[in-house]
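Engineer: Next up is a structure, given as structure tokens.
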């Protein structure tokens, strides 16, 4: 397991979107939460990129995109950061009302 290659420490906006979707799933955030707007407001990938530049990280080791794209999880569920509500709708287990 490597903790320094492949962008593992990069603050992908797609990961932030999934974290927020899970918080909505479990009732920690309102279902009406604008995930994209909140992620755009709080994500600081600019700081990661600045630190990487200061440390001399090779450009090839810096993610080209703020999204890892569509993710398929071990249970077959699909998370598309462009459509988190579809992921939430696909889940059978959620917080009870």
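Numbering (the numbering used here), first residue to last: 181 to 277. A virtual CB, placed ideally from N, CA and C, is assigned to each residue, including glycine.
With distances taken from CA atoms, which of 210, 271 and 246 is nearest residue 257?
Structural biologist: For this step, residue 257 is matched to residue 77 along the chain shown. The shortest C-alpha separation from residue 257 is found at 271.
Engineer: What whole-angstrom Cβ distance do residue 210 and residue 267 have, given they're in contact under 8 Å?
Structural biologist: By 1-based counting over the chain shown, the position of residue 210 is 30. By 1-based counting over the chain shown, the position of residue 267 is 87. About 17 Å; that fails the 8 Å criterion.
Engineer: Starting from the Cα of residue 276, find the closest Cα among 188, 206, 218 and 222 and give me that residue.
Structural biologist: Along the chain shown, read from residue 1 onward, the residue named residue 276 stands at position 96. Among 188, 206, 218 and 222, the Cα nearest to that of residue 276 belongs to 206.
Engineer: Scan the segment 181-251 and note each continuous alpha helix (DSSP H) run of 4 residues or more that stays entirely inside, going in chain order.
Structural biologist: With a minimum length of 4 residues, the continuous alpha helix (DSSP H) runs that stay inside the segment 181-251 are 193-205, 215-222 and 225-234.
Engineer: Taking the Cβ atom as the reference point for each residue, do residue 220 and residue 193 lie within a distance shorter than 9 Å?
Structural biologist: Here the question's residue 220 lines up with position 40 in the chain shown. Here the question's residue 193 lines up with position 13 in the chain shown. It is a contact, given that the beta carbons lie within the stated cut-off.
Engineer: Please list, in chain order, all residues of the same chain as residue 198 whose beta carbon is under 6 Å from its beta carbon, the five residues on each side excluded.
Structural biologist: Reading the chain shown from its first residue, position 18 is the one you call residue 198. Exclusion of the five residues before and after residue 198 leaves 259 as the residues of its chain whose Cβ lies within less than 6 Å of its Cβ.
Engineer: Do you know whose CA, among 188, 191, 189 and 195, lies nearest residue 253's CA?
Structural biologist: Within the chain shown, the letter at position 73 stands for residue 253. The option with the nearest alpha carbon to residue 253 is 195.
Engineer: Figure out for me which residue from 249, 240 and 187 has the closest Cα to the Cα of residue 225.
Structural biologist: Counting from one through the chain shown, the residue named residue 225 turns up at place 45. Nearest C-alpha to residue 225: 187.
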